[in-house]
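Q:
There are 2 protein chains.
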Amino acid sequence: MSNTLLSTQPYKGTRDFYPAEMRFRNWFFGKIRETLERSAYEEYNAPMVEELELYIAKSGEEIAKKQTYNFTDRGDRQLAIRPEMTPSVARMVAGKMNELNMPLKWFSIPNMYRYERPQRGRLREFWQLNVDIFGCDGFEADMDVIESAINVLRGFGADETMFKVHINNRRFFNDIICAISGADAEGAKLVSKVVDKKNKIPRDVYEKEMRELGLSDEQILRIDALYNMSVEEATALCPDSVGAKELSDLFALLGDTGLDKYCVFDFGIIRGLDYYTGTVFEVFDESPENNRAMFGGGRYDNLVGLFVKNAKVSGVGYGMGDVTLENFLVTHNLVPDFTEGNTKVLVARFNDVPYKEYIGLTASLREAGITSALYLGTKKFGKQIDYAFKEGYSHIVIMGGSELESGTVKVKNLNSREETEVKISSLPDFFQ
Amino acid sequence: MSNTLLSTQPYKGTRDFYPAEMRFRNWFFGKIRETLERSAYEEYNAPMVEELELYIAKSGEEIAKKQTYNFTDRGDRQLAIRPEMTPSVARMVAGKMNELNMPLKWFSIPNMYRYERPQRGRLREFWQLNVDIFGCDGFEADMDVIESAINVLRGFGADETMFKVHINNRRFFNDIICAISGADAEGAKLVSKVVDKKNKIPRDVYEKEMRELGLSDEQILRIDALYNMSVEEATALCPDSVGAKELSDLFALLGDTGLDKYCVFDFGIIRGLDYYTGTVFEVFDESPENNRAMFGGGRYDNLVGLFVKNAKVSGVGYGMGDVTLENFLVTHNLVPDFTEGNTKVLVARFNDVPYKEYIGLTASLREAGITSALYLGTKKFGKQIDYAFKEGYSHIVIMGGSELESGTVKVKNLNSREETEVKISSLPDFFQ
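Keeping their order, the protein sequence lines are chains A and B.
Those letters in the first sequence? Residues 760 to 1191, per this note's numbering, in order.
Those letters in the second sequence? Residues 760 to 1191, per this note's numbering, in order.
(1) Check for me: the beta strand (DSSP E) holding A/PHE1040 runs from which residue to which?
(2) Cβ atoms of A/LEU765 and B/LEU813: under 8 Å apart, would you say?
(3) So which residues on chain B does A/ALA900 lean against when the C-beta distance must stay under 9 Å?
(4) Output needed in chain order: residues of the stretch 1017-1047 of chain B with a Cβ under 8 Å from some Cβ in chain A.
(5) Return yes when the Cβ of A/TRP865 is within less than 8 Å of the Cβ of A/GLU801, no when it is not.
(6) State the CB to CB distance for the pair B/ASP775 and A/ALA805, rounded to an integer number of angstroms; the pair is presumed to be in contact (CB under 8 Å).
(7) What are the residues of the stretch 931-943 of chain B that lie near chain A, defined by any Cβ-Cβ distance shorter than 9 Å?
(8) When DSSP labels each residue in this structure, what does A/ASP835 get in the three-state scheme?
(9) Using DSSP with H/G/I as helix, E/B as strand and the rest coil, what is A/ASP891?
(10) Determine whether the Cβ of B/THR767 lies closer than 8 Å to any Cβ atom of chain A.
(11) Listed in chain order, which residues of the stretch 1046-1077 of chain B have Cβ atoms closer than 8 Å to some Cβ of chain A?
(12) Return the bridge partner residues of B/ASN804 from the DSSP annotation.
(13) Contact criterion: CB-CB distance below 8 Å. Does A/ASN804 meet it with respect to chain B?
(14) Going by other Cβ atoms of all chains shown within 10 Å of its Cβ, with 16 needed for buried, is B/ILE960 buried or exposed?
(15) Going along the stretch 883-894 of chain A in order, which residues come within less than 7 Å of chain B, judged by CB to CB distance?
(16) Among all the DSSP beta bridges, which residues are the ones paired with A/TYR1077?
(17) What residues in its chain sit with their C-beta under 8 Å from that of A/LEU838, if we drop five residues either side in the sequence?
(18) Return yes when the Cβ of A/ILE791 is within less than 8 Å of the Cβ of A/ILE868, no when it is not.
(19) Hey, how far is the Cα of A/GLY1056 from the Cα of A/PHE1040?
(20) Check whether the Cβ of B/ASN860 lies closer than 8 Å to any Cβ atom in chain A.
(21) Helix or strand or just coil, what does DSSP make of B/ALA1132?
(22) Please say whether B/ASN1092 and B/ASN1049 have beta carbons closer to each other than 8 Å?
(23) For A/VAL1181, would you say it is in contact with chain B, using Cβ-to-Cβ distances shorter than 8 Å as the test?
(24) Give me the Cβ distance between A/THR794 and B/PHE1066, rounded to the nearest whole Å; I'm assuming they're in contact under 8 Å.
(25) Within the 8 Å Cβ cut-off, does B/PHE776 reach chain A?
(26) Taking 8 Å as the threshold (C-beta atoms), are B/ARG1058 and B/GLY1037 in contact?
(27) The alpha helix (DSSP H) that contains A/SER940, what's its start and end?
(28) If contact means a Cβ-Cβ distance below 7 Å, which residues of the stretch 782-809 of chain A contact chain B?
(29) Our contact map puts A/VAL950 next to A/LEU974 with C-beta atoms below 8 Å; I'd like the distance itself, whole angstroms only.
(30) Closer than 8 Å between beta carbons: that is the criterion. Which residues of the stretch 820-840 of chain B meet it against chain A?
(31) Give the DSSP-derived three-state secondary structure of A/LYS1071 in the structure shown.
(32) I want to see whether chain B comes within less than 8 Å of A/LYS967, judged by CB atoms only; does it?
(33) Apart from the five residues just before and just after B/LEU1133, which ones in its own chain have a Cβ nearer than 6 Å to its Cβ?
(34) Can you list the residues of chain A that B/SER1131 reaches, using a CB-CB cut of under 9 Å?
(35) Quick one: give me the first and last residue of the alpha helix (DSSP H) that A/TYR872 is part of.
(36) For B/ILE1155, which of helix, strand or coil comes out of DSSP?
Next up, the structure:
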């Protein structure tokens, strides 16, 4: 052991949660649970550590090793702290495929680690809400999942002026690229890769790459035009596409159910190239100072293929990071004052009263369901009042020797400063 | 990527939590939170990964490296997945010593990893309730912490026939060993180390080691006798000991407040040798088939010494593993049926009704706070009923084309099999 003092800082990119922050988090996760459970989504969890192989099989060795905290145990197993939840939940679904009742409506709020440079909205340790429906191939699951994302945000008091769900369809995207470029599926895939990075590269580089794939200036402009089209205009361009029908059916249903005010068609939503197969969406913060995609998701086909031969379970879902959502709630002033309206009683202590009387009094309040604590220590009353204020107590109960004798205590409301005399026997009723 | 299928098993010593298990855990952790928050304990959390140094400083390099999953990041920092919470919370308290209002009543339910051989009640990934009071040197905190442990178990419906808190005092233990052996503090410490392992080594080895430290057979017998004494008998043997006074004061208070029925004096409770400084306790399961210590804790003096020079913050607390507590609840039949009494409504789907009608109906139930879902898919009604049963729905709502036309749906109670006709407009009221 050394004599050097240790640092009190948490590890880079991670956070300590003192009680004030933890109260926020419990409220935050509690709201999400409440909303999702009301729609019969069921919560699950998996271990924090998985075999590294799981991530290599999904993302390739280089990405898996670079992105994760990984290490070898003494049994020579290569392990990683989970950087995402999908491989774990795929493993779980594959492991009980024959017992589980499809479709599954599942969610989880796991903590995870990614080895990356900490920056705004991106930390090394974070929590991520994962919501998925497994084993339902139809539009019903797409609709349910998008509805759940809207409900989660509405549950926090957000409305359509604060966020929008931008929706596209990968099948439609591929079909329309084929239709405009005249390429076959393989060629369209190459074009798609360039279109996918359109907003991340300079315009001249974009045009150059598109021309190299054989597209004319006119075709490039026709693709540009898609970004400003309504869903009706865009889908009309390839009327035979299954993806176009999925997209227009989804928007029709959103319109019928009044959810269209939260949603918008956006040809720019692609979300990578090989994973998603149908509906894709991203939820945007609408505030001018924070206008960006907060989270997203979509439909993918082969969830359990890495685990079970010839099995097919489809999924549709999304993942939402805690930091992003927290920023959203703060930006839109959606975080309530947690202390407001809560009854939290501190029983002050005086030396002329036997300690057992205080324990009995406090226990009787708790039996009645009232949050209460006895002041621990022997400091002067003024210090006890200070403590009560700082720790967010709403009331302080004063029972000195004379109050005990008379059977009547004083209750001081720390917000209104009002003082009331209350019979000891009816103290629980006073707070209820 | 290889073509070999991946295993669906979680990593050795860890568990998957499917919805049924997760429901149990949310109930389980929720009860604990409810009980502790009612006594104004506040929840905190810390990162899952800490600098390895933290554990080395507390437990020495060998134990820290052997017990933890540890690794080096690309910035050459030695890290470990937390094997316990005390170093993290000590770091947090040290980091804000001047802002925090002592005494702190804190708790946390973190997940953690220990590298050990999985066995009954001991896994590699587990959750551990940590309850502590920091910054109160007096008996008041010892009492509050023991009361909280009793309340946590009582909160689950456990009574004094199911568990007992075995209490001792480290100061008293040292003093009485001094008094009986005639040794000085240093000599008594050596004797203590042998007494600490009394029940883990054969009797003849125990006696041999005690004799080697200079104890007579008579002195060994006098120490034996302590295990069968009441707290009054034992403390009478060294009336001037501060520890003896602490112990008898604590038991007097437990008696005064009626908590003595949950508690017993036990000279065999020592809990290691260098860490604890006063009250120590272990909570035992009283069932004959599972009679053993479930968890324990005690008072320790120097919480923040590794972080802040010349600072002193004392603590008293305990740590309770999830696996142990779960075994206790199962053994004593304290796990309720989670589905009982819950309203969870499945809206069945028929092809002759526009889908938007179902979405609207389900949304109206949710708006009224009723857990409800729409059947996702197009299977036959019989299959939908099967699904509802297996997924624990309490009711199924039947709205085919004719019901929609008449404005009246059928509601089937899946427990009683009763069927009721309900007007669509008053469906939320029906369930409330």
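Note that the Cβ used here is the ideal one computed from N, Cα and C, for glycine as well.
A: Looking at the coordinates:
(1) 1035-1044
(2) yes
(3) LEU1135, GLY1136
(4) none
(5) yes
(6) 5 Å
(7) none
(8) coil
(9) strand
(10) yes
(11) LEU1065, PHE1066, VAL1067, LYS1068
(12) A/PHE776
(13) yes
(14) exposed
(15) GLU884, ILE892
(16) A/VAL890, A/GLY1056
(17) VAL808, GLU809, GLU810, LEU811, ASN829, PHE830, THR831, ASP832
(18) yes
(19) 6 Å
(20) yes
(21) strand
(22) no
(23) no
(24) The Cβ separation is near 40 Å, so there is no contact.
(25) yes
(26) yes
(27) 929-940
(28) ASN785, GLU796, ARG797, SER798, ALA799, GLU801, GLU802, TYR803, ASN804, ALA805, PRO806, MET807, VAL808, GLU809
(29) 7 Å
(30) TYR828, ASN829, PHE830, ASP832, ARG833, GLY834, ARG836, LEU838, ILE840
(31) coil
(32) no
(33) VAL1106, TYR1117, THR1121
(34) ARG797, SER798, ALA799
(35) Careful: A/TYR872 lies outside any alpha helix (DSSP H), inside the beta strand (DSSP E) at 870-872.
(36) strand
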